[in-house]
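Novice:
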Amino acid sequence: MSLHDPKAVVHLAGRDLFVGITPSKHAVTLDTDHNRSFAPTPMELLLVALGSCTAVDVIGILQKKRENVTEYRVEVHGERRDEHPRSFSRMEVHHVVTGRNISEKSVAHAIELSETKYCSVAATLRPTAEIVSSFEIIEA
């Protein structure tokens with residue numbers, strides 16, 4: 101491992117409470133006590149990682165296509181296996197694009213490019229989890 105490899109460090113901060121330091125030195129609090137729920141769990145952050153990874157791709161592509169997007173969000177739902185280690189078996193990614201005269205073809209193409217070419221989080225998860233995308237367009 102070289103000095104340039106990204107390294108995250110996770111520190112114990114209390115009972116079932118951790119602080120993760122990202123390779124870029126940002127702190128993220130994590131909580132695995134579901135009753136206390138002080139911070140997101142690692143699995144919740146995985147849903148956010150997938151959603152934000154594809155969101156960056158899709159909005160960037162739609163902007164390059166000069167689509168008039170006024171609002172955009174990605175909703176990610178994960179289905180977990182019953183048996184341990186309870187990994188995600190299926191993840192549903194739903195893109196909600198709001199704007200004026202948004203092309204369905206442009207949105208579908210942007211999502212396809214993210215899924216097949218750009219989103220490294222999806223590429224990492226896809227060998228073990230089925231990832232299904234959908235979208236809706238809301239006229240502003």
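Oh and the sequence shown: position 133 is 233 in the numbering used here, straight run, nothing missing. From the three backbone atoms N, C-alpha and C, an ideal C-beta is built for every residue, glycine too. No experiment lies behind these values; they were computed from the predicted model shown.
(1) Quick one: what's got a C-beta closer than 7 Å to residue 154's C-beta in the same chain, skipping five residues either side?
(2) Could you check what DSSP says for residue 240 in three-state terms: helix, strand or coil?
(3) Taking Cβ to Cβ, would you say residue 131 is nearer than 7 Å to residue 117?
(4) Would you give the residue range spanned by the alpha helix (DSSP H) that residue 209 belongs to?
(5) In angstroms with no decimal places, state the Cα-to-Cα distance between residue 145 and residue 177.
(6) Whose CA, out of 231, 159, 225, lies closest to the CA of residue 207?
(7) Taking residue 199 and residue 169 to be in contact with their CB atoms under 8 Å, please state how far apart those CB atoms are, rounded to whole angstroms.
(8) To the nearest angstrom, how far is it from the Cα of residue 167 to the Cα of residue 239?
(9) Would you mind sorting residue 112 into buried or exposed? The rule is 16 or more other CB atoms within 10 Å of its CB.
(10) Got a sec, what are the start and stop residues for the beta strand (DSSP E) residue 122 sits in?
(11) Let me confirm a value: residue 229 is counted as buried when at least 16 other C-beta atoms fall within 10 Å, else exposed. Which label applies?
(12) By alpha-carbon positions, which one of 234, 205, 114, 190 ends up nearest to residue 161?
(13) Kindly provide the ranges of any beta strand (DSSP E) runs that are 3 or more residues long and lie completely inside the region 138-197, ordered along the chain.
(14) Pull up the distance between the alpha-carbon of residue 184 and that of residue 165, whole angstroms please.
Specialist: The short version:
(1) 174, 193, 214, 219, 222
(2) coil
(3) yes
(4) 204-213
(5) 12 Å
(6) 159
(7) 4 Å
(8) 12 Å
(9) exposed
(10) Residue 122 -> no beta strand (DSSP E), and no H or E assigned at all.
(11) buried
(12) 205
(13) 168-180
(14) 44 Å
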